[in-house]
Amino acid sequence: RGLGRAYLCPADDGGYGMLCLPSDAPPSVFRGVRWSHPLTALSQLKALSDAGVGLTIGSEMHDVDEPSDVMDLAGRLCLSRRRRGKGAAGVREEEGKKRDGQRHVDAEDVLERPPPSLDAALPKGYRSTICSHTWEALVGLELIISDHEGSYSVNKARWEELDS
1 RGLGRAYLCP ADDGGYGMLC LPSDAPPSVF RGVRWSHPLT ALSQLKALSD AGVGLTIGSE
61 MHDVDEPSDV MDLAGRLCLS RRRRGKGAAG VREEEGKKRD GQRHVDAEDV LERPPPSLDA
121 ALPKGYRSTI CSHTWEALVG LELIISDHEG SYSVNKARWE ELDS
């Protein structure tokens, strides 16, 4: 019997932003992984391979390692909502330029595009990278606020209140 497939989205710091495991994945998939290391994602891939778990690698994500990463996430989600008309590639390009001032993300960048198996499962034209549960949690914490005209922004005052 074969094990199900895992789904991993690498992060730009060498780790990963998401790992979905099949219910039959053994606990050994986490043994020996180099945590908080530039090779975390690679060592996780090796552990999955060693355990016989198939894998699909998704597009690059930002992970949340530090409390300040939550505010960065909130800002990216607000930007994504505002730029929906541009499509995901346009949003990612803007994020890439903002991240390091030099980076230009090509629409064909292998780390930016979703894998074909995931792409086929999504409705035609769907490219949202917003997880509704994450969005709802950030709105519920009042870290993202609405101006009631359909525009959203990061609530920095609330962040400072929670961070103190």
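Residue 1 is where the sequence shown starts when you use UniProt numbering, and the numbers rise one by one after that.
Idealized CB from N, CA, C, for every residue including glycine.
Since we're looking at a predicted model, the values are computed, not measured.
Check: Unbroken alpha helix (DSSP H) run spanning P67, endpoints; Outcome: 67-82
Check: Residue(s) in a DSSP beta bridge with P10; Outcome: Y16
Check: Closest Cα partner of S153 within the set R83, A41, G32; Outcome: R83
Check: Three-state secondary structure assigned by DSSP to L55; Outcome: strand
Check: Inter-residue spacing [alpha-carbon to alpha-carbon] between A47 and S59; Outcome: 20 Å
Check: Extent of the continuous beta strand (DSSP E) to which S153 belongs; Outcome: 152-154
Check: Given 8 Å, three or more beta-carbon pairs between the segment 74-83 and the segment 34-44; Outcome: no
Check: Beta-carbon proximity of V64 to L73, cut-off 8 Å; Outcome: yes
Check: Cα-Cα separation between E161 and C9, rounded to whole angstroms; Outcome: 32 Å
Check: Among Q44, P26, S28, V139, nearest to R34 - alpha-carbon criterion; Outcome: Q44
Check: Cα-Cα separation between R76 and W135, rounded to whole angstroms; Outcome: 11 Å
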